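**Student:** When we follow my numbering, the leftmost residue of the sequence shown carries the number 8, and every step to the right adds one.
The beta-carbon is built from N, C-alpha and C at its ideal position, and this holds for glycine as well.
Model, not experiment: these values are computed from the prediction.
Shown below is the structure under consideration.
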Amino acid sequence: MKIIRHSQHMQSAISALKFKGKSIGFVPTMGCLHAGHASLLKKCRKENDVSVLSIFVNPRQFSPQEDFKRYPRTFKKDENFAKKEKVDIIFHPSVDDMYPLGFLTSVEIRNLSEQLCGRFRPGHFQGVTTVVAKLLNIVSPHVLYLGQKDAQQAMVIQTMVKDLNFPTHVKVLPTIREHDGLALSSRNIYLSPEERVAARVLYQALLAAKNQIRNGEYKPHRIIQKMRSMILAKTSGPVDYIELVDASTLKKLKTLQGNVLIALAVWFGRARLIDNITIRI
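Following this line, the structure appears as structure tokens:
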């Protein structure tokens, strides 16, 4: 397994591999790897000649009051994790390499970026799309692997790839969960033991919403009311949002129809957790 820390070296390595006719699969991460990342890496390795993992905590997707400085950085542990998953290349650039002095460019995907998490994290998705655009230009993968847990992020990146004609196919794989349903996330390490137990209510609320719909409830406000009651009974932290939206546009639905994304963002202590499921009406 190679560890490459400079973008130019990464581009040279990829060019050499493509010259040999190798297919490149790519999993972008901010590190603190877990079983959710492992599922992406396994699929990446299975479907491509070369698997590339990036580890970069991107400062441009954090607002000043967010957790950039305390975001877990566990590179040695992640390196061992990657070896176990038979990753071929880790791309681990510095902030100065990704954003050199005088860097002025950003990529913005309107509309999709302004819904759900975008209302509570201004500038977040612009930071995401900018860094992913750079990573796609550096790694130049044939296939990009993302997780459904970050459904809005996946949609924004898919839109960017299509709109800007990146020669990359995007695959979104299912959310990986703990035994009690909590979606795996690097930020789960912020949870206290009590908060960790309470946080399982998120998936329970999503399942309760799905059951309501299957039983004929198509009014979003009634479903949201029940979900909110379930969640507030388990946390004193704020609920950023609970929404039922069109799964292709992220627009709120007055009456449920078509493919529906049920999404939420809730605070447990200092951990902001997101989750979602989809259902077809």
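Considering only C-alpha positions, which residue in the set M234, N283, L239, K226 is nearest to A254?
**Tutor:** For this step, residue 254 is matched to residue 247 along the sequence shown. For the residues M234, N283, L239, K226, the minimum Cα distance to A254 belongs to N283.
**Student:** Is Q211 close to chain B? Criterion is C-beta to C-beta, closer than 8 Å.
**Tutor:** In the structure shown, chain B does not exist; there is a single protein chain.
**Student:** Tell me, which residues are paired with D282 by DSSP?
**Tutor:** Within the sequence shown, residue 282 is the residue found at index 275, counting from 1. Its beta-bridge partners are L271.
**Student:** Going by the CB atoms, is the gap between I220 and P148 shorter than 8 Å?
**Tutor:** As a working mapping, residue 148 is identified with position 141 in the sequence shown. As a working mapping, residue 220 is identified with position 213 in the sequence shown. Cβ atoms of P148 and I220: not closer than 8 Å.
**Student:** Have a look at I97, V146, N195 and flag the residue whose alpha-carbon is nearest the alpha-carbon of A23.
**Tutor:** Walking along the sequence shown from the start, residue 23 turns up at place 16. Among I97, V146, N195, the Cα nearest to that of A23 belongs to V146.
**Student:** Over what stretch of residues does the alpha helix (DSSP H) that includes H131 continue unbroken?
**Tutor:** Position 124 of the sequence shown holds residue 131. Taken as a continuous stretch (DSSP letters only), the alpha helix (DSSP H) holding H131 covers 131-146.
**Student:** If I'm right that L142 touches V177 with Cβ under 8 Å, what's the distance once you round it to whole angstroms?
**Tutor:** Along the sequence shown, read from residue 1 onward, the residue named residue 142 stands at position 135. Along the sequence shown, read from residue 1 onward, the residue named residue 177 stands at position 170. Not confirmed; about 13 Å, so no contact.
**Student:** For the stretch 198-262, which segments carrying the alpha helix (DSSP H) assignment without a break, of at least 4 residues, lie completely within its bounds, in sequence order?
**Tutor:** Within the stretch 198-262, the complete alpha helix (DSSP H) runs of at least 4 residues are 200-205, 208-221, 227-239.
**Student:** Are the stretch 150-169 and the stretch 95-104 touching, with three or more C-beta to C-beta distances below 8 Å?
**Tutor:** Flag = no, the stretch 150-169 and the stretch 95-104 do not touch.
**Student:** When burial is assigned at 16 or more other CB atoms within 10 Å of the CB, is E115 buried or exposed?
**Tutor:** The residue given as residue 115 occupies position 108 in the sequence shown. E115 is exposed by the Cβ-count criterion.
**Student:** According to DSSP, which residues form a beta bridge with Y152?
**Tutor:** Stepping through the sequence shown from its first residue, residue 152 is reached at position 145. DSSP lists K178 as partners of Y152.
**Student:** Taking Q159 and L257 to be in contact with their CB atoms under 8 Å, please state how far apart those CB atoms are, rounded to whole angstroms.
**Tutor:** Here residue 159 is taken as the residue at index 152 of the sequence shown, counted from 1. Here residue 257 is taken as the residue at index 250 of the sequence shown, counted from 1. Between L257 and Q159 the Cβ distance is about 7 Å, and since that is below 8 Å, they are a contact.
**Student:** Under the DSSP definition of a beta bridge, which residues are partnered with V57?
**Tutor:** Working through the sequence shown from its first residue, we reach residue 57 at position 50. I31.
**Student:** Secondary structure at T36, three-state DSSP: helix, strand or coil?
**Tutor:** Here residue 36 refers to the residue found at position 29 when the sequence shown is read from its first residue. Of the three classes helix, strand and coil, the one that applies to T36 here is strand, per DSSP.
**Student:** Using the rule of at least 16 other Cβ atoms within 10 Å of the residue's Cβ for burial, across every protein chain shown, is M162 buried or exposed?
**Tutor:** Counting from one through the sequence shown, the residue named residue 162 turns up at place 155. By the 10 Å Cβ count, M162 comes out buried.
**Student:** Quick check: what's the CA-CA separation for R80 versus Y225?
**Tutor:** Here residue 80 refers to the residue found at position 73 of the sequence shown. Here residue 225 refers to the residue found at position 218 of the sequence shown. If I take the Cα positions, the gap works out to 43 Å.
**Student:** From L189, R203, R229, R194, pick the residue whose C-alpha is nearest to that of Q211; which is it?
**Tutor:** For the purposes of this step, residue 211 is taken as residue 204 along the sequence shown, with counting starting at 1. That would be L189, whose Cα lies nearest to the Cα of Q211.
**Student:** Under DSSP, the beta strand (DSSP E) around F127 begins and ends at which residues?
**Tutor:** Sequence index remark: in the sequence shown, residue 127 carries index 120 (1-based). First-last for F127: 124-127, but that is the alpha helix (DSSP H), not the beta strand (DSSP E).
**Student:** Suppose the cutoff is 7 Å on Cβ atoms and the five residues either side in sequence are ignored; what does the same chain contact list for R207 look like?
**Tutor:** In the sequence shown, the residue the question calls residue 207 occupies position 200. Result list for R207: D187, G188, L189, in chain order.
**Student:** Straight-line CA distance for D157 to S19?
**Tutor:** Position 150 of the sequence shown holds residue 157. Position 12 of the sequence shown holds residue 19. Those two C-alpha atoms are separated by around 31 Å.
**Student:** From the DSSP output, in three-state form, read off R12 for me.
**Tutor:** To locate residue 12, count along the sequence shown from 1; it is residue 5. Three-state DSSP puts R12 in coil, outside helix and strand.
**Student:** Report the rounded CA-to-CA distance for K169 versus E201, giving the unit in angstroms.
**Tutor:** For the purposes of this step, residue 169 is identified with residue 162 of the sequence shown, where counting begins at 1. For the purposes of this step, residue 201 is identified with residue 194 of the sequence shown, where counting begins at 1. About 43 Å.
**Student:** How many angstroms separate the CA atom of I230 from the CA atom of E86?
**Tutor:** Translated into positions along the sequence shown, residue 230 becomes position 223. Translated into positions along the sequence shown, residue 86 becomes position 79. Roughly 43 Å between the two C-alpha positions.
**Student:** Indicate the three-state DSSP secondary structure (helix, strand or coil) for I116 in the structure shown.
**Tutor:** Translated into positions along the sequence shown, residue 116 becomes position 109. Here I116 sits in coil by DSSP.
**Student:** N266 by DSSP, collapsed to three states: which one?
**Tutor:** Translated into the one-based positions of the sequence shown, residue 266 becomes position 259. It is a strand residue.
**Student:** When we look at the beta-carbon of R277 and count the other beta-carbons within 10 Å, is it buried (16 or more) or exposed?
**Tutor:** As a first step, residue 277 must be located in the sequence shown, where it is residue number 270. Looking at its Cβ environment, which holds fewer than 16 other Cβ atoms inside 10 Å, R277 is exposed.
**Student:** Three or more beta-carbon pairs under 8 Å between the stretch 33-42 and the stretch 51-71, yes or no?
**Tutor:** These segments touch.
**Student:** Would you kindly report the start and end of the unbroken alpha helix (DSSP H) that includes F173?
**Tutor:** Counted from its first residue, the sequence shown places residue 173 at position 166. Careful: F173 lies outside any alpha helix (DSSP H) and carries neither H nor E.
**Student:** Quick one, which of T166, F275, Y197 has its alpha-carbon nearest P289's?
**Tutor:** With the chain represented from 8 up to 288, any question about residue 289 goes unanswered, as that position is not in the structure.
**Student:** If the criterion is Cβ atoms closer than 8 Å, does the pair V57 and K29 meet it?
**Tutor:** The residue labelled residue 57 in the question sits at position 50 within the sequence shown. The residue labelled residue 29 in the question sits at position 22 within the sequence shown. Their beta carbons are under 8 Å apart, which means V57 touches K29 by this criterion.
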